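Line by line, the protein sequences give chains A and B.
Take the first sequence: its letter number 484 is residue 487 in this note's numbering, and every next letter is one higher.
Take the second sequence: its letter number 142 is residue 169 in this note's numbering, and every next letter is one higher.
Ideal Cβ positions, reconstructed from N, Cα and C, are used throughout, including at glycine.
Here the structure is a predicted model, which is why all the values come from computation and not from measurement.
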Amino acid sequence: MRYFLLLLASCLIAQAAVPPFQARADAMIDAYAHYSGKGDYGYAEIAARLKRHEQPEWCSRRLQELLAAGPTGDMFWMFPMTAIAYLDQGQLSEPARDAMHRVWKTYMPYRGDTENHFLLYYSCLYLMSQLWPDAGPTDWYTGKSSQENMAEASAWIESWVKLTTTRGQGEYDSPHYMGVYLLPMSYLAAWAKDPAMKKRAEMMLDYLIADYAPENLDGLYVGSHARVYEDQLVEKWNGVSSDFGWLWFGLGHPLKVPANYVLYYLLASAYEPPEILRKIATDRSRPYTHYERKRTRNRWRFHDDLHGPVYKTTYVRKEYAVSSDQGGELQPIQQHSWDVTWHVADARGVQNTFFFAQPYSSMRELQTYLVFPPDGAIEGIVKSKKTYDSPDKILGGSPYEKIVQDQDALVVLYDIPPGTRFPQINGFFSKDLAEVKEDPSGWIFMRGGESTYIACRPLQPYSWKAFADGSRRLFSPWLQNGVVVQAAPTAEFRDLEAFSQAIKALELTFSLKPTPSVAFRSLRGTQIELTYGQTPRLNGKPIDYAHWPLFGGPFLQADVDSGRLTLRYGANERSLDFKSLTVQVR
Amino acid sequence: MIWSLSLLLPLPLAAQWTLFACAANSKDYVVGAKLPASGLFFDKKGEWTHAGYNHPFLAALDYDPSDPSTIYLAAGNGLIRAAKNGTDWTILTGSDVTELRDVAADRRDPATIYFAYSHGIRVTHDRGKTWQELAGKLHRKYAEAIRIDRDRPRVLLTGGEEGIFRSEDGGHTWQIAGAAGIPILRIEQSPHDACYWLATSQGAGLFASNDCGKTFENIGRIGVGRNLYSIAFDPTDVKRIAIGGWGPGVAVSEDGGKTWQERNAGLPRPEVWSVVFDPEHSGRIFASVQQEALYVSDDAGKHWKMDGLEGSVARQMKFVPK
């Protein structure tokens with residue numbers, strides 16, 4: 004009884020510490036509407052104040068100033084403008100409104116070359132055309148009428164929804180770009196007049212949030228990711244996902260200044276996820292394995308199919324998460340294929356993650372996904388993705404990496420052709436790892452936070468290189484290489500020594516020539532076999548990639564091409580059918 | 028009338044041309060960042076003038092033969108009709124094509140326009156109201172170059188990831204014409220001999236056809252191991268040809284492509300995206316040097332001086348009849 008009362012009290016305290024959804028939302032909007040620092044937040048501050056119905060004269064004046072200076076930002080300029088146009092509601096002055104109208108003729112935003120660019124571009128073009136339905140071709144930079152713009156935009160949005168809900172997202176599970184997908188859906192859910200478009204967007208909000216919910220640990224988006232930036236890679240809290248994890252579920256901590264993606268999400272639909280999603284996102288009482296199928300970005304060259312499949316496995320428990328794709332070059336530049344992420348009470352400033360990468364940099368990769376000419380492309384990429392062509396980089400996929408995962412064990416193999424630009428692998432050893440011990444057996448044992456032991460067995464000799472922030476890089480310059488990883492809760496062992504003894508007792512055999520090959524009996528008793536270039540086997544059975552679900556696991560289920568996603572938690576069920584645009588709740 | 032004359036003669040009689048350039052000032056630009064003046068430029072009495080919208084991604088241009096004041100632009104946002112000397116833009120395509128690479132307007136039929144793009148080749152026969160896909164039967168769809176044979180109706184040449192392909196039926200079927208497996212960057216037809224074609228490649232040098240584009244053979248070693256982006260035939264000299272590339276810079280042949288000399292004296296670096304000869308001044312040639320400027324030479328590349336568009340990359344330049 005006493006234990007129960009203590010538990011109840013602690014739950015109440017924990018709940019009290021997290022303000023309700025509306026309060027979290029208000030605080031994020033106020034961070035922009037009531038900004039008191041130097042200068043202002045430009046369009047974002049105007050939009051936030053219009054939402055609050057505050058200082059309309061300032062909003063009009065500032066908007067005219069910004070527009071007079073000349074728009075920049077391509078499709079990223081379109082989303083603040085669209086929000087301002089819809090939040091106006093009679094607050095802006097006529098001159099400000101006229102200036103806003105004129106600029107859609109005088110400025111042509113570049114549509115970009117990624118799905119997030121296109122989704123922003125077409126969602127905003129759709130809504131602005133809806134706002135001015137009688138505008139003719141001479142009123143628009145497109146040279147098309149509002150009706151033509153809307154038809155083009157809605158066709159693309161519908162095709163993207165269909166592709167995503169049948170074959171998976173292309174820029175999947177990005178701790179940063181998730182915001183760029185949520186924002187247009189929030190806009191369309193709030194402002195589209197067409198009931199089908201509105202409904203589709205509302206359902207896509209559920210879909211996108213569901214995509215994140217089972218793959219978060221304390222609000223952090225665990226790997227693998229189609230696109231991630233390096234600061235978010237090593238310090239996972241740095242992602243836009245932290246804002247959304249906090250907003251939706253009260254998990255973790257938002258960014259110091261909320262990203263403008265979450266702001267604009269809130270200025271439009273401000274959709275609060277249903278209870279079933281909250282439970283899926285927060286219940287880590289039992290370990291589970293979650294599966295997803297995604298797809299590559301458009302592959303313009305070197306492939307017969309425009310999109311290739313991505314097979315994701317994510318194992319989550321309250322202490323840590325282990326996540327991976329199948330390896331290979333699945334996205335350009337910013338792919339992150341696998342990691343272990345461990346629980347910490349407060350992830351701000353903490354590098355609570357562990358992973359390896361093969362630092363692949365090539366013109367072929369860029370030309371696969373982008374229309375770059377062969378010269379100047381890598382230099383062009385390095386302008387914004389600084390480490391793309393660096394030997395010490397830890398971000399990016401590699402065609403020479405193959406991965407298999409079972410629960411909290413991973414086997415990763417590398418077979419790097421001679422002549423490859425950076426013929427090595429780099430392991431990221433966080434400054435926040437504790438008790439790192441290099442065992443004579445070849446295993447490296449370590450502890451992540453208070454909750455997680457990690458064992459890592461590089462298959463070739465290595466050396467250590469220091470990063471400036473105190474973390475280290477394991478550098479192993481061998482063409483045939485690999486690493487075996489096993490995570491476990493600290494609670495399962497007396498201490499690190501007991502953990503290391505248990506790991507060393509596991510069966511592990513490997514060979515590296517002529518082809519890397521590993522057989523490993525995991526801590527959970529699964530026989531994991533991977534030979535580079537062959538289908539991995541679990542307990543003797545080859546993995547059935549042909550029947551990999553779009554979503555699979557205890558919480559989310561969807562078959563490829565079904566267009567139907569079912570969320571399950573206990574007896575509760577929520578089914579999204581994108582073919583009929585219906586939601587069933589049970 | 029101008030377009031019908033141009034069918035009879037390789038060069039318009041009227042000696043009035045305007046040089047247009049698809050140029051971007053993209054040195055510090057990434058998508059979403061502030062873009063310095065970029066897009067379509069034309070040479071207005073020695074001054075480079077920006078026409079139409081700021082756009083970071085123009086790969087190529089051509090003009091309407093029935094009304095050369097209308098320019099067609101292969102753009103990131105689609106196929107753009109830039110009427111009124113490039114100032115009045117309309118996007119003629121929709122969401123289904125992106126990142127266009129090349130454009131060719133049919134001199135015989137001004138309603139017909141072809142473009143090459145990231146995932147195929149498209150044609151319109153009604154000035155852009157409707158489009159048909161033509162790359163369906165190509166193994167790999169990526170298309171970097173498209174040209175229309177000016178003498179042979181329905182004959183097209185395209186270059187992409189896997190070589191040079193020729194069609195005799197307006198693009199419905201394609202046959203490999205050369206450079207099998209080699210990425211092609213540009214194809215041009217000689218204005219003097221309609222059966223002579225050149226194609227540049229990624230890494231494998233220059234390819235030539237003497238049989239109306241039916242077969243191409245590698246010629247010489249110019250540009251092998253480097254990348255050649257541009258071909259210019261001198262309209263005033265049947266033997267003079269120039270190519271532009273990274274490594275060779277500007278290379279000029281005075282004997283119809285048999286031998287080549289690199290002519291880069293006065294260029295800041297031999298990294299050249301495009302070259303074009305002036306049809307009104309024999310031996311005058313323009314070259315775009317990587318993020319430096321446009322340069323001009325009055326002696327077929329022996330000496331160069333800066334002409335304008337500093338900091339730019341001009342993917343293509345073209346003289347358009349006034």
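Could you tell me the boundaries of the alpha helix (DSSP H) in which residue i lies?
i	result
S189/A	181-194
K111/B	110-113
R105/A	97-109
T117/A	Segment: none, T117/A is in no alpha helix (DSSP H) and carries neither H nor E.
Q235/A	233-237
I209/B	Taken as a continuous stretch (DSSP letters only), I209/B belongs to no alpha helix (DSSP H), as it is neither H nor E.
According to DSSP, simplified to helix, strand and coil, what is residue i?
i	result
C1/B	Examination of residue 1/B is not possible in this model, given that chain B is present from 28 through 349 alone.
I384/A	helix
N245/B	strand
Y256/B	strand
I212/A	helix
W61/A	helix
L35/B	Confidence in L35/B is poor, its pLDDT being 43 and thus under 50, which makes the residue's placement unreliable; the coordinate value appears in the next sentence. In this structure, L35/B counts as helix in the three-state DSSP scheme.
G248/A	helix
F47/B	strand
P92/B	coil
F558/A	coil
K405/A	strand
Y6/A	Bear in mind that the predicted position of Y6/A carries a pLDDT of just 44, short of 50, making it unreliable; the figure below should be weighed with that in mind. Y6/A: helix per DSSP, three-state reduction.
K201/A	helix
T167/A	helix
Could you list which residues in chain B have their beta carbon closer than 8 Å to that of residue i, in chain order?
i	result
E155/A	G121, S122
T75/A	A60, K61, L62
Y125/A	S122
S550/A	In the sequence as displayed, the identity of residue 550/A is His instead of Ser. Within 8 Å Cβ-Cβ: nothing; H550/A doesn't reach chain B, min ~29 Å.
Counting along the chain, where does the beta strand (DSSP E) carrying residue i start and finish?
i	result
W551/A	Taken as a continuous stretch (DSSP letters only), W551/A belongs to no beta strand (DSSP E), as it is neither H nor E.
N484/A	483-492
Y363/A	No beta strand (DSSP E) contains Y363/A, which DSSP labels as neither H nor E.
P461/A	455-461
M449/A	447-451
E281/B	E281/B -> no beta strand (DSSP E), and no H or E assigned at all.
Under 7 Å Cβ-Cβ, which residues of chain B neighbour residue i?
i	result
V374/A	E126, R128, S145
R203/A	Those within 7 Å of R203/A in chain B number zero; the least Cβ separation is about 16 Å.
W303/A	S145, H146, Y169
F2/A	Residue 2/A lies beyond the stretch modelled for chain A, which goes from 4 to 589, so this question has no answer here.
What in chain A is Cβ-close to residue i, meaning under 9 Å?
i	result
E298/B	D378, G379
N254/B	P376, P377, D378
W116/B	M111, Y144, T145, G146
What residues from chain A crowd round residue i, counting only those whose CB sits closer than 8 Å?
i	result
N104/B	M111, Y113, R114
T227/B	Within chain A, no residue comes near T227/B; the closest Cβ sits about 11 Å away, beyond 8 Å.
Can you pull the chain A residues whose beta carbon is under 7 Å from the beta carbon of residue i, in chain order?
i	result
Y90/B	Correct list: empty, because the minimum Cβ distance to chain A is about 18 Å.
Closer than 9 Å by beta-carbon distance: list the chain B residues that pair up with residue i, in chain order.
i	result
H120/A	V58, G59
Exercise. Are at least three pairs of beta-carbons, each pair with one atom in the segment 53-69 of chain A and one in the segment 21-38 of chain A, less than 8 Å apart?
Worked result: They touch, by the three-pair rule.
Problem set entry | Given 8 Å, three or more beta-carbon pairs between the segment 375-391 of chain A and the segment 292-300 of chain A | No contact exists between the segment 375-391 of chain A and the segment 292-300 of chain A.
Exercise. Per the contact definition of three or more C-beta pairs closer than 8 Å, is the segment 448-455 of chain A in contact with the segment 371-384 of chain A?
Worked result: Segments in contact, no.
Exercise. Is there contact between the segment 424-436 of chain A and the segment 392-401 of chain A, where contact requires at least three CB pairs shorter than 8 Å?
Worked result: When Cβ pairs closer than 8 Å are counted between the two stretches, the segment 424-436 of chain A is seen to touch the segment 392-401 of chain A, the count reaching three or more.
Exercise. Which residues, in order along the segment 131-158 of chain A, keep a beta-carbon less than 8 Å from a beta-carbon of chain B?
Worked result: Against chain B - using a Cβ distance shorter than 8 Å - the residues of the segment 131-158 of chain A are P140, Y144, T145, G146, K147, E155, A156, A158.
Exercise. In the segment 318-338 of chain B, which residues sit with their C-beta less than 7 Å from some C-beta in chain A, listed in chain order?
Worked result: Here the close residues number zero.
Problem set entry | Chain-ordered residues of the segment 381-398 of chain A with a beta carbon less than 7 Å from chain B | Residues K386, S387.
For this session: Scan the segment 231-242 of chain B for residues whose Cβ lies nearer than 8 Å to a Cβ of chain A and list them as they occur along the chain.
Result: Those residues of the segment 231-242 of chain B that come within reach of chain A (Cβ to Cβ, closer than 8 Å) do not exist; the list is empty.
For this session: Closer than 8 Å, Cβ to Cβ, to anything on chain A: give me those residues from the segment 256-289 of chain B, in chain order.
Result: Those residues of the segment 256-289 of chain B that come within reach of chain A (Cβ to Cβ, closer than 8 Å) are Y256, W273.
Exercise. Hey, is the segment 60-75 of chain A in contact with the segment 17-32 of chain A, meaning 3+ C-beta pairs nearer than 8 Å?
Worked result: Not touching, per the Cβ criterion.
Problem set entry | Touch test, the segment 135-152 of chain A against the segment 106-126 of chain A, Cβ-Cβ under 8 Å, three pairs minimum | Contact between the segment 135-152 of chain A and the segment 106-126 of chain A is established, with three or more Cβ pairs separated by less than 8 Å.
For this session: Please confirm if the segment 90-101 of chain A is in contact with the segment 120-133 of chain A, defined as three or more CB-CB distances below 8 Å between the two stretches.
Result: No, the segment 90-101 of chain A does not touch the segment 120-133 of chain A.
Exercise. Using 8 Å as the Cβ pair cut-off and three pairs as the minimum, do the segment 266-282 of chain A and the segment 186-203 of chain A touch?
Worked result: Contact between the segment 266-282 of chain A and the segment 186-203 of chain A is present, with at least three C-beta pairs closer than 8 Å.
Exercise. Along the segment 330-350 of chain A, what residues have a CB closer than 9 Å to any CB found in chain B?
Worked result: The residues in question: there are none.
Exercise. Between the segment 180-210 of chain B and chain A, which residues of the former have CB atoms less than 9 Å from a CB of the latter, in chain order?
Worked result: Taken in chain order, the members of the segment 180-210 of chain B whose beta-carbon sits within less than 9 Å of a beta-carbon on chain A are G187, E188, P210.
Exercise. What residues in the segment 63-84 of chain B have a beta carbon less than 8 Å from any beta carbon of chain A?
Worked result: Residues of the segment 63-84 of chain B that bring their beta carbon within less than 8 Å of a beta carbon in chain A comprise Y80, N81, H82, P83, F84, in sequence order.
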